[in-house]
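**Q** Sending over a structure as C-alpha cells; questions will come in a sec.
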C-alpha cells in the first residue's frame, strides 16, 4: 500500500466525518428519529428543484450542473414525518438534546465552541432535501487528536440535518424516503494533516472511537460516513464522498494518488504531442441509418448520434488511471451526468457491433487524422448534446491538469465523478431559525464523556476482565447493557462481569454466525436470562440455547422460553441417583483409569444435564461419588 513516498509527492489529505446522533427527535421538528420500512409510507408527493442564487446573486457551480437534467423527485412520507420534512412549514428551534450531544463531542476533540451559533442554508439540489438546501451550523473549531504520526488538527464541527435516503431511480425520476431527513448529525472536519493511506485509516478509527465514546450516536450501516479530501503537489483537491467501510480508506487514498499521477502523465504526453480539443460538435446520425450495431440502432431511434474530435489524443483515451478505469471512463462519467448511458471512443473500437468500416467512415466524415481520437454519444438530441459538451469540457481539463471535483466511492476502492466542488455561493443564512448563545457556563456544564479506550482499561482493572475482553465490550453496541448488568449483579455469586461480557461479545456473535437473527434480541431478553442464572433457575451452559430460542421467537420472555425448552430448576436427588447409577455401571472403567475417569464420565453427565445444572455443580457431585467409589474399591 505504501508504494509511494507520499511526503515527496506532497500529499495533503483530510477527513470529514458525518455521524448521526442518537437523539429522540429530529433537528428542527419533534418527529422521532426512526427509520421506517418503505412499505409503511402512507403518503407521497413530488418536487422539481432548481439552482437558486446566493445573496450575492451567484449560482453554485455544483448546483448548476446537477440541474442540467430536469429530474422529478418523489418523496415517501410516513406517520412519523411531518410538514417540516415536506418543506411546507418553517423549521422549529434547534433540538437542545442534539446540541448538548454535539458539545460533548466538541469537548472530546478539545475544541473551542463559538459564542453564537448561526444556522446556514447549504444548497443541495440532488433531491436529498425537499427544500433544495441542507441546514447546517458551525458549533466549534480549533481542536486536535494525537496520532502515531503526530497531532492531527480538527478544524471544525458542524451540527447538520441528515439528508433523505435514496430508494431507487426510475428513468429521470428519483425516489427518496423522508424518514431519515432531519435526523441530527455532526460533521467533523480535520485539517489536511494526514500523511499516508495508513495514517488516514488511523485518524478515521480514532475519530470513530471518540464519537462512540459519547454513547449518544447511532450505530449500524449508514449512520456514519467518511468523506476524504485528497491532493498531491502538482494535482488538485478532490473530495471523495460516502466512504462507509474503514477497510476502504487506505485503498481510496492510495488510488486517488495513483489516479492523479496517471492523469499528470497523460497531460504531459498530450502537451508533448501538442494535442488540442476541437470545439465543434458533429452530428453523425445519418452515417448509422443502416448500422447493425444494436446500441447505435437505439441511438438512431432516439434521435441523435453526436461526435467530438480530440486531436492527437489517440491511444491515451484507453490509458488506465485506476485499476480497471481509464481516461475514457473519466470522460464517460462526465457524459452520464446528462442522463446518457455512456460514450464510445475510437481507442476501443471496433466493438459493440460497430465495424472497422463504420469507424473509418466517421473519421473521414469529421476529418480525423491517424493520431486523433473520436468520442461518440447516442441518445435523445438534448441529452446527447449536453453529454458531448461535458466530454469536451473534461477533455480540455485533461490538458490543464487535475480538475477539482467531488467523486463518489465505488465498492472496489476506485472512485467516479459526481459533480464539481461547490464554491462560496453554496451557503447563505437561514432566517427561519434564531441564533443560539453558547456561553462558557453552558459549555462547562456539559459532561465530558469517558473515552472507550479509558473505559476498557477501567473494566480490566475494576471488573477483572482480560485486556481483549475489556476492549471488545467497551467498543460493543452492548456497552450500556453491560454496564447496567454489571452494576445489578456486582455482588452476585452466580453472575459476574466475565460471564456477562462473554455472553454479549462472544456467544451472541457465535449465534449470528450460525444464521440466527440476533438483532431480535432485546435488553429485556438479556436481563431475563441473567436473572434466571442468578436465581439458579438455569445453568450457564443453557445460555446459547436460550438466546437462540429468543432470537427465533422474540415475542417470548426469557421465562417463557425457559419453560418451552424444558430448562427448569434441577432436582439434586435425581442428579445424585443418576451419577451413582452411572458410576456403578462404569465400575470396571473406573478401576482401570482411577481419578482420570473423571473427564470421560463428566461428558456423560453433561450430555444429560447440560443447560439445567451448572457444570461446576455437576463436577463437584461427580468427583465426590467417584472418590467414594475408588476409596471403597
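Residue numbers (UniProt numbering): 1 to 633. Think of the CB as a built atom: it goes at the ideal place given N, C-alpha and C, for glycine as much as any other residue.
For residue 532, count the other beta carbons within 10 Å of its own beta carbon; 16 or more makes it buried, fewer makes it exposed. Which is it?
**A** The residue is buried, with at least 16 neighbouring Cβ atoms inside 10 Å.
**Q** What span of residues does the beta strand (DSSP E) with residue 362 cover, start to end?
**A** Counting along the chain, residue 362 falls outside any beta strand (DSSP E), though it belongs to the alpha helix (DSSP H) covering 356-366.
**Q** Is there contact here, the stretch 623-631 with the stretch 548-567, by at least three beta-carbon pairs under 8 Å?
**A** no
**Q** If residue 159 and residue 213 are in contact, beta carbons under 8 Å, what's the gap, nearest whole angstrom?
**A** At roughly 18 Å, the Cβ-Cβ gap does not stay under 8 Å, so residue 159 and residue 213 are not in contact.
**Q** Determine the contact status of residue 16 and residue 189, defining contact as a CB-CB distance below 7 Å.
**A** It is a contact, given that the beta carbons lie within the stated cut-off.
**Q** Less than 7 Å between the C-beta atoms of residue 302 and residue 339, yes or no?
**A** No, the pair does not count as a contact, with Cβ atoms beyond the cut-off.
**Q** Taking the beta carbon of residue 126 as the centre, do at least 16 other beta carbons fall within 10 Å, making it buried, or is it exposed?
**A** buried
**Q** Measuring straight from C-alpha to C-alpha, what distance separates residue 458 and residue 535?
**A** 28 Å
**Q** Between the Cα of residue 444 and the Cα atoms of 271, 13 and 112, which residue gives the shortest distance?
**A** 112
**Q** Under a CB-based cut-off of 7 Å, is residue 121 close to chain C?
**A** Although the question refers to chain C, the structure presented lacks it and comprises just one protein chain.
**Q** Output needed for residue 504: all residues of its chain with C-beta closer than 8 Å, excluding positions within five of it in sequence on either side, in chain order.
**A** 473, 476, 478, 481, 482 and 526
**Q** Using the beta-carbon count (16 or more within 10 Å), is residue 109 buried or exposed?
**A** buried
**Q** Let me check one thing: in DSSP terms, what residues is residue 21 bridge-paired to?
**A** 217
**Q** Three or more C-beta pairs closer than 8 Å, one from the stretch 252-263 and one from the stretch 322-329: is that the case here?
**A** yes
**Q** Return the chain-ordered list of same chain residues with a C-beta closer than 8 Å to the C-beta of residue 388, the five sequence neighbours on each side being excluded.
**A** 281, 306, 307, 308, 335, 375 and 377
**Q** Buried or exposed: which applies to residue 121, given that a residue is buried once 16 or more other Cβ atoms fall within 10 Å of its Cβ?
**A** Within 10 angstroms of the beta-carbon of residue 121 lie 16 or more other beta-carbons, which makes it buried.
**Q** Counting beta carbon pairs with one atom in the stretch 402-420 and one in the stretch 226-242, are three or more of them shorter than 8 Å?
**A** yes
**Q** According to DSSP, is residue 129 helix, strand or coil?
**A** Residue 129: coil per DSSP, three-state reduction.
**Q** Anyone know if the C-beta pair for residue 495 and residue 530 falls short of 7 Å?
**A** yes
**Q** Measuring from the CB of residue 203, is there a heavy atom of the ligand GTP at a distance below 6 Å?
**A** No copy of the ligand GTP appears in this structure; indeed no ligand is present at all.
**Q** Counting only runs of 4+ residues fully inside the stretch 260-327, write out the alpha helix (DSSP H) ranges in chain order.
**A** Listed in chain order, the complete alpha helix (DSSP H) runs (minimum 4 residues) inside the stretch 260-327 are 294-302.
**Q** Which word fits residue 397, buried or exposed, when buried means at least 16 other C-beta atoms lie within 10 angstroms of its C-beta?
**A** Result: buried.
**Q** Note the first and the last residue of the continuous alpha helix (DSSP H) segment covering residue 559.
**A** 558-565
**Q** So the candidates are 119, 461 and 47; which of them puts its Cα closest to the Cα of residue 428?
**A** 119
**Q** Counting along the chain, where does the beta strand (DSSP E) carrying residue 68 start and finish?
**A** From DSSP, residue 68 is part of no beta strand (DSSP E); its letter is neither H nor E.
**Q** Here's the rule I'm using: 16 or more other beta-carbon atoms within 10 Å means buried, otherwise exposed. How should residue 13 be labelled?
**A** buried
**Q** How about residue 486 and residue 497: are their beta carbons less than 7 Å apart?
**A** yes
**Q** Thinking C-alpha only, which one of 89, 601, 543 and 200 is nearest residue 499?
**A** Selected option, being the one with the closest Cα: 543.
**Q** Find the nearest neighbour of residue 138 within the set 368, 155 and 92, judged by alpha-carbon distance.
**A** When each option's Cα is compared against that of residue 138, the closest is 155.
**Q** May I ask you to report which of helix, strand or coil DSSP gives residue 442?
**A** helix
**Q** Please determine, among 455, 424 and 76, the residue with the shortest C-alpha to C-alpha distance to residue 38.
**A** 76
**Q** Considering residue 6, what are the terminal residues of the alpha helix (DSSP H) in which it resides?
**A** 6-9
**Q** Check whether the stretch 279-297 touches the stretch 349-364, counting contact only when three or more Cβ pairs, one atom from each stretch, lie closer than 8 Å.
**A** Segments in contact, yes.
**Q** So, with DSSP's three-state summary, where would you put residue 77?
**A** strand
**Q** Can you look up residue 352 in the DSSP assignment and give me helix, strand or coil?
**A** Reduced to three states, the DSSP call for residue 352 is coil.
**Q** Are the CB atoms of residue 67 and residue 51 nearer to each other than 7 Å?
**A** yes
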